[in-house]
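**Q** Have a look at this one.
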Amino acid sequence: MPTSVTGIFKIINKQQGRDSLARLVPMQSARGFTLIEIMLVLVLLALGSVAVISTLPSSKNDLAEKTARSFYQRVQLMDEESVLSGVDYGLRVDAKASPPTLTFLQLTAEGWQEVKRAQFKSKLKIDERLSVDFQIGSSVWHQDDDRLFDEKPLFDKNMFAKKEQKKKQTLPPQVDILSSGETTPFTVNFYLSDQNAEQAWSVTAKENGQIVLHQPGEEEND
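Numbering (our numbering), first residue to last: 83 to 304.
Okay, here's the thing in structure tokens:
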């Protein structure tokens with residue numbers, strides 16, 4: 083009787099008039115790969131590919147965009163949390179640090195402390211391939227003597243600090259995110275070090291409290 087090419091099955095044909103019936107009889111002596119084994123190998127290969135792709139560096143455009151979006155979402159979260167909880171928050175930007183660092187702070191009885199929340203990192207360390215530009219306020223506020231926000235902090239940053247803790251005190255924020263809904267106007271730009279600021283992704287807090295994410299080349303609307 084003929085044997086299949088794979089050697090796994092042999093085919094027995096029976097002639098019944100014009101019809102031909104073929105049935106498969108498994109052979110006991112030979113064994114190939116099962117479907118489950120093949121699928122398992124494919125899954126392992128797929129997982130390996132994902133692991134390799136995840137370790138590849140982000141593209142230049144994606145790096146600036148992802149960083150800006152992550153920062154934008156954090157600022158929005160702190161702004162909403164401040165109003166709902168009645169807690170005052172702050173933002174400190176160390177743009178010239180290596181790497182640049184953005185730190186979210188909370189005003190406590192002991193002074194300004196880093197925000198401690200589950201699944202929320204108070205420090206956002208920027209990839210060293212990116213440059214960060216930080217600007218407080220705008221030309222409108224600086225030229226207006228009756229502006230809501232002064233260049234000086236809204237609070238005495240040391241008002242709650244103990245004398246013996248002054249040397250260890252956390253540096254105060256440049257941006258206040260208040261429970262009253264007011265936020266110090268600011269702009270933070272993210273762009274690759276080998277590019278110019280015109281190609282930056284920007285996060286801006288406006289005078290009216292609105293927080294906006296701008297992509298490169300997008301004009302800001304008042």
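No residue lacks a Cβ here, since even glycine has one placed at the ideal position from N, Cα and C.
As the structure is a computational prediction, the values presented were derived from the model and not from experiment.
1. Could you have a look at N95 and say whether DSSP puts it in helix, strand or coil?
2. So R174 and L253 are in contact, right, with Cβ under 8 Å, and what is the actual spacing, rounded?
3. Going by alpha carbons, who is nearest to T265 out of G219, G193 and N278?
4. What are the partner residues of Y171, as DSSP defines its beta bridges?
5. Can at least three beta-carbon pairs, one atom from the segment 262 to 279 and one from the segment 210 to 217, be found at a separation below 8 Å?
6. Measure the beta-carbon distance from A282 to P267 and round it to whole angstroms, keeping in mind my assumption that it falls under 8 Å.
7. How is the beta strand (DSSP E) around S332 delimited, first residue to last?
8. Would you call the CB atoms of A150 and L295 closer than 8 Å?
9. Compare the C-alpha of Y154 against each of E301, F186 and D170 and name the closest.
10. Secondary structure at E196, three-state DSSP: helix, strand or coil?
11. Could you give the residue range of the beta strand (DSSP E) that holds D276?
12. When you compare only the Cα positions, how much space is there between A279 and N271?
13. Quick one: what's S152 bridged to in DSSP?
14. Cα separation between D258 and K178?
15. CA-CA distance, V107 and I120?
16. Between the alpha carbons of P182 and D176, how many angstroms are there, rounded?
17. What first and last residue would you give for the beta strand (DSSP E) that runs through L212?
18. Are there 16 or more other CB atoms within 10 angstroms of the CB of V285, so buried, or fewer, so exposed?
**A** By the coordinates alone:
1. Low confidence applies to N95: its pLDDT is 48, below 50, so where it sits in the model is not reliable enough to give any reading.
2. The Cβ separation is near 6 Å, so the contact holds.
3. When only C-alpha atoms are compared, the closest one is G219.
4. DSSP output for Y171 lists Q188 and I259 as bridge partner(s).
5. Cβ pair count under 8 Å is three or more, so yes.
6. Not quite, the Cβ-Cβ distance comes to about 18 Å (not below 8 Å), so this is no contact.
7. Residue 332 falls outside the range modelled here, since the chain spans only 83 to 304, and no answer is possible.
8. Cβ atoms of A150 and L295: closer than 8 Å.
9. Put simply, of E301, F186 and D170 the residue whose alpha carbon is nearest the alpha carbon of Y154 is F186.
10. When DSSP states are grouped into helix, strand and coil, E196 belongs to the strand group.
11. In the DSSP annotation of this structure, D276 is not part of any beta strand (DSSP E), being labelled neither H nor E.
12. Rounded to the nearest angstrom, the two C-alpha atoms are 7 Å apart.
13. Beta-bridge annotation (DSSP): S152 is not paired with any residue.
14. Using only the alpha carbons, I get a separation of about 20 Å.
15. Because V107 sits at a pLDDT of 46, beneath the cut-off of 50, its placement in the model cannot be relied upon, and the following sentence gives the value as read from the coordinates. If I take the Cα positions, the gap works out to 22 Å.
16. Across the structure, P182 and D176 are spaced so that their CA atoms are roughly 6 Å apart.
17. In the DSSP assignment, L212 falls within the beta strand (DSSP E) that extends over L212 to I218.
18. Buried, since its Cβ has 16 or more Cβ neighbours within 10 Å.
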